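Colleague: Structure below; questions to follow.
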Amino acid sequence: FLEEGSRNGTIRCALCLGAGSARSLELHHLDYRGVTQTPHAWTAHEPHEDLTALHPRCHEYVHQLIERDRALSGFVSRRTASVQAIARLQAKIAHYIEASLEQQ
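Residue numbering for the sequence shown follows the working numbering, beginning at 806 and increasing consecutively.
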């Protein structure tokens, strides 16, 4: 979070693009290569590029889509699944916003 905030000034959710902070956002692992389990806990040592910030609810949506979609959950890499899930959910959000604006 510190690196992202210092680079861009604002930390944004990768899904809804809403601003957040280290307290209001969670880190989503695009890849689990840097994550290991010890007898006492999980340890993460992945590079910055393997993480993306998401609001807790947005994070949940990404995981739900990956788990429910057979192509995402088993036929592509974890990174590809995450990127595709975020893109699909962004398209869905844009569609809802557009439909809402048309009704006004």
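Glycine is no exception: its CB is placed at the ideal position from the N, C-alpha and C atoms.
Keep in mind it's a predicted model, so treat the numbers as computed, not measured.
#1: To which residues of the same chain is Ser882 closer than 8 Å at the C-beta, ignoring the five residues directly before and after it?
#2: Less than 8 Å between the C-beta atoms of His833 and Leu859, yes or no?
#3: If you reduce the DSSP assignment to three classes, tell me which class Gly879 lands in.
#4: Can you give the Cα-Cα distance for Asp874 and Leu830, rounded to whole angstroms?
#5: Out of Glu865, Pro844 and Trp847, which has the shortest C-alpha to C-alpha gap to Leu820?
#6: Using a 10 Å radius around the Cβ and a threshold of 16 neighbouring Cβ atoms, would you call Gly814 buried or exposed?
Modeller: A quick look at the data gives this:
#1: Asp836
#2: yes
#3: helix
#4: 24 Å
#5: Glu865
#6: exposed
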